[in-house]
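Numbering (the UniProt record's numbering), first residue to last: 1 to 303.
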């Protein structure tokens, strides 16, 4: 096997946390990936990866090799691109993902505008509230809301949103305005739950600590717009992200409640693999999309 390809596969295994997942992305079988790793470890005389039943992780020697391999492959890619005159010419297929509502409203227009400026680039945008594994799914860029939990990825923050508690003026006129989170137990509650949305309602206590409530819902739904429509119609109190009901808050169809105990803002970021090995199309998209998303009023949620 070519030595550069060997290093690429070694890095892919670390980033994916699995030899099999890295092999699928690069067109190699699990036995071939195991042989690659065994040969590399035998030649170097050190163990590079520790394996568990669920994931593998680099040893200290493996981390040192990975750092040097990234620099070597980056230098090689830059040299080849410069020689071929491709460094300033983004081309190829761009694979992206974003949450369903935010992606439809804000990411899709940015992607199509980017394509208008880059005729040699095509794009596939997957809208899903499920957190997709970038390396496993072969995704170049993801828009993520909330703290990042995956290792081996880079992020460019573009703003923030808040989780708000809201209700319609009609509902509040009939049932009263809750003064404390505990008052919600006496109200009709609309539960919006998805894989990316917690089942609990979280608030900030007087000392800054987190307060978590589990509330029995009168109506539960797994789609944001259906939950917002139910709240506008006066069927109960809803907890959802600020961007999911921006128009309703602006028009007064929904009223923001319990503002003093709202949890901290959630960061919104463009997430992507190692910055040193990004294709030109990915770098170009990040430079194009980041300032445009950061300028969106809906991502200025510090207020």
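Note that CB positions come from ideal geometry on N, CA and C, so glycine has one too. Just so it is clear, the structure is predicted and the values come from calculations on it, not from any experiment.
In the three-state reduction of the DSSP assignment, residue 58 falls in the strand class, which pools E and B. Secondary structure at residue 39: helix, using DSSP grouped into helix, strand and coil. CA-to-CA, the gap between residue 188 and residue 62 works out to about 55 Å. Remark: fewer than three beta-carbon pairs, one from each stretch, lie closer than 8 Å, so the stretch 57 to 76 and the stretch 160 to 178 are not flagged as touching. Less than 8 Å separates the beta-carbon of residue 30 from that of residue 23.
At a Cβ-Cβ threshold of 8 Å, residue 238 and residue 226 do not count as neighbours. Rounded to the nearest whole angstrom, the CA to CA distance from residue 148 to residue 100 is 18 Å. Taking 8 Å as the upper bound for CB-CB distance, residue 272 and residue 141 are in contact here, some 5 Å apart. Around residue 76, the same chain offers 4 as residues with beta carbons nearer than 8 Å, after the five sequence neighbours per side are excluded. In this structure, the CA atom of residue 32 is about 10 Å from the CA atom of residue 20. Here residue 118 is buried, its C-beta having at least 16 other C-beta atoms within 10 Å. Nearest in C-alpha terms to residue 256, of all of 51, 163, 55 and 122, is 163.
In the three-state reduction of the DSSP assignment, residue 251 falls in the helix class, which pools H, G and I.
Counting along the chain, residue 23 sits inside the alpha helix (DSSP H) bounded by residues 19 to 26. Residue 244 is classed as buried because its beta carbon has at least 16 other beta carbons within 10 Å across all chains shown.
Per DSSP, residue 259 lies in no alpha helix (DSSP H) and is assigned neither H nor E. Straight-line measurement puts the Cα of residue 170 at about 42 Å from the Cα of residue 133. Less than 8 Å separates the beta-carbon of residue 156 from that of residue 270.
Under the three-pair Cβ rule at 8 Å, the stretch 282 to 297 does not count as touching the stretch 207 to 226. For the set 283, 205, 166 and 203, the Cα lying nearest the Cα of residue 250 is the one of 166. For residue 35, the number of other beta carbons within 10 angstroms of its own is below 16, and it is reported as exposed.
Within the DSSP secondary-structure output, residue 218 pairs in no beta bridge. Taking residue 13 as reference, the option from 69, 45, 203 and 90 with the minimal CA-CA separation is 69. Beta-bridge pairing by DSSP links residue 154 to 272.
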